[in-house]
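For reference, the structure discussed in these notes is given below.
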Amino acid sequence: MTHIKATSPGVRWLVKTKPRNLYTGKLLRKLTKSKPHTAGRNNQGKITTHHKGGKQKQRQRLIDFKRNKINVPGIIKTIEYDPNRNAFISLIHYIDGEKKYILNNKHSKTGDCIIASETAEIKTGNAMPIKNIPIGTKVCCIENEPGKGAVYARAAGTSFTIINKCTNYCIVKTPKNELRKINNNCKATIGEIGNQDKYLEKLGKAGRNRLKGIRPTVRGVAMNPIDHPHGGGEGKTTTKRHPVNFKGKKTKGKKTRTNKRTRRQIINR
193 MTHIKATSPG
203 VRWLVKTKPR
213 NLYTGKLLRK
223 LTKSKPHTAG
233 RNNQGKITTH
243 HKGGKQKQRQ
253 RLIDFKRNKI
263 NVPGIIKTIE
273 YDPNRNAFIS
283 LIHYIDGEKK
293 YILNNKHSKT
303 GDCIIASETA
313 EIKTGNAMPI
323 KNIPIGTKVC
333 CIENEPGKGA
343 VYARAAGTSF
353 TIINKCTNYC
363 IVKTPKNELR
373 KINNNCKATI
383 GEIGNQDKYL
393 EKLGKAGRNR
403 LKGIRPTVRG
413 VAMNPIDHPH
423 GGGEGKTTTK
433 RHPVNFKGKK
443 TKGKKTRTNK
453 RTRRQIINR
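Converting from the sequence shown to my numbering requires adding 192 to each position, the first position being numbered 1.
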């Protein structure tokens with residue numbers, strides 16, 4: 193964690209994470225693509241998502257979530273910042289000349305050698321089918337279906353723990369103590385995702401939120417009736433109806449989970 197000397201109000205409360213070995217050179221553009229920004233508007237220019245606006249131009253890094261370079265060793269050349277996620281990314285130079293981005297693991301450093309193989313060593317950064325990983329090991333970048341790419345444990349500081357193995361699947365425990373079944377042939381990466389102190393960051397001023405495309409959050413009761421169901425009234429008033437968003441949908445206590453496809457994989461929530 194880095195605390196900046198209070199030379200101005202904008203940095204007085206600024207707290208950020210910046211490792212010493214973070215690469216700050218030119219971006220490898222062939223591993224990126226343009227990323228259009230809609231600022232919360234649809235094709236008619238109408239607001240569909242509140243609290244979004246213009247932001248700094250960004251390019252999307254093409255991350256290798258499939259780890260399909262089987263039995264080909266690679267070296268971590270650089271560790272870089274990615275504006276599209278809260279974890280850092282690593283640029284891998286494989287011995288056959290190919291270059292790819294992957295998510296950076298905790299304790300990984302420049303110069304480390306990694307590999308994706310069924311018989312790989314149990315070492316941070318190596319990827320293999322989850323059936324070949326010992327019980328009790330922390331893993332990240334886990335696939336939900338074999339060959340489809342990692343979907344679980346991709347955020348900064350996250351990891352799953354393997355607690356049991358069965359004939360066709362492994363049982364893993366999530367950070368929220370949820371138990372899930374994962375197909376034995378799904379790939380997983382040994383270790384935890386890096387930048388685990390990301391949650392301690394403080395932006396220090398509203399301008400840094402605006403660079404991310406985040407506009408101020410305004411209460412509904414402070415708006416006009418045309419803008420929000422809670423708006424209007426003479427003077428400072430409140431509402432007697434159940435709290436809703438600007439579209440009239442309930443915002444307190446309503447269940448939001450819609451992904452029913454993975455319910456059969458959940459053992460205990």
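Ideal placement from N, C-alpha and C gives every residue a C-beta, glycine not left out. For clarity, every value in this text was computed on a predicted model and none was experimentally measured.
Local Cβ density within 10 Å of residue i, reported as buried at 16 or more and exposed below that
| i | result |
| --- | --- |
| Val364 | buried |
| Gly386 | buried |
| Cys332 | buried |
| Glu337 | exposed |
| Ala231 | exposed |
| Ser282 | buried |
| Ser300 | buried |
| Ser351 | buried |
Same chain, Cβ closer than 8 Å to residue i, five either side skipped, listed in chain order
| i | result |
| --- | --- |
| Gly202 | Gly396, Lys397 and Gly399 |
| Gly423 | Gly412, Val413, Ala414, Met415, Asn416 and Pro417 |
Residue i in three-state terms, based on DSSP
| i | result |
| --- | --- |
| Tyr344 | strand |
| Val413 | helix |
| Leu214 | strand |
| Ile322 | helix |
| Lys444 | coil |
| Gly202 | helix |
| Lys222 | helix |
| Glu455 | Correcting the residue type first, residue 455 is Arg in the shown sequence and not Glu. Here Arg455 sits in helix by DSSP. |
Contact under 8 Å by Cβ, residue i with residue j
| i | j | result |
| --- | --- | --- |
| Glu481 | Lys379 | No statement about residue 481 is possible, as the shown extent of the chain runs from 193 to 461 and does not include it. |
| Gly405 | Gly245 | yes |
| Gly328 | Thr353 | yes |
| Ile284 | Ile267 | yes |
| Lys394 | Gln457 | no |
| Ile271 | Asn235 | no |
Cβ neighbours of residue i in the same chain (closer than 6 Å, five flanking residues each side left out)
| i | result |
| --- | --- |
| Asn319 | Reading the sequence as shown, one finds Ala at residue 319 and not Asn. Hits under 6 Å: Arg259, Ala308, Lys379 and Thr381. |
| Ala348 | Asn278, Ala279, Ile385, Asn387 and Lys390 |
| Glu370 | Arg461 |
| Arg204 | Ala198 |
Cβ shell of residue i (< 7 Å), same chain only, five flanking positions each side left out
| i | result |
| --- | --- |
| Gly425 | none |
| Pro326 | Ile314 |
Worksheet entry | Unbroken stretches of the alpha helix (DSSP H), 4 residues or longer, contained in the region 346-417 | 398-403
Item to complete: Could you pull out every unbroken beta strand (DSSP E) segment of at least 3 residues lying fully inside the region 248-311, listed in chain order?
Response: 251-253, 266-272, 281-286 and 291-295
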